[in-house]
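Colleague: This is the structure I have questions about; it appears just below.
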Amino acid sequence: MPAAGATASVVTIIQQRLTALAPICLEVIDDSARHTGHAGAQGGGGHYRLLIVSDAFAELARLARHRLVHAALDDLMTIRIHALSIQALTPAEYSAMSSMTLPEHTRFTALL
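Just so you know, we're using the numbering used here here: the sequence shown kicks off at 46 and counts up by one.
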């Protein structure tokens, strides 16, 4: 598992690269500690959850949204990221979602 400084830099790099999608909300959560010891965890790369809200996702299917995110993170996906959970929403979808009560496992912490 990467050292704390390495993990922080991956989060920062993810945030920097995703600015290309002009997000109005962006949150990256490092979940690596929750996955210590599972198969594949020793191979390197961390586990992250991502919430990104952008007009760039308008009229795109879920798979196309994920492809945009993966394209922005390209080389990180092969070396520094082992698993990435993506929630890619338009502002209208996020607004509708935020008014609902979400189960604990899908709830994100405060946004930017």
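We treat Cβ as the ideally placed atom computed from N, Cα and C, and that holds for glycine.
From the DSSP output, read off the bridge partner residues of GLU138.
Modeller: DSSP, once it has assigned bridges, lists no residue as partnering GLU138.
Colleague: The alpha helix (DSSP H) spanning ILE69 covers which residue range?
Modeller: That residue, ILE69, is in no alpha helix (DSSP H); it is neither H nor E in DSSP.
Colleague: Give me whichever residues DSSP pairs with VAL98 in a beta bridge.
Modeller: VAL98 is bridged to CYS70, LEU134.
Colleague: Going by other Cβ atoms of all chains shown within 10 Å of its Cβ, with 16 needed for buried, is ALA133 buried or exposed?
Modeller: The residue is buried, with at least 16 neighbouring Cβ atoms inside 10 Å.
Colleague: Spatial neighbours of ILE59 within its chain, please: C-beta separation below 6 Å, excluding the five flanking residues on both sides.
Modeller: Around ILE59: VAL73.
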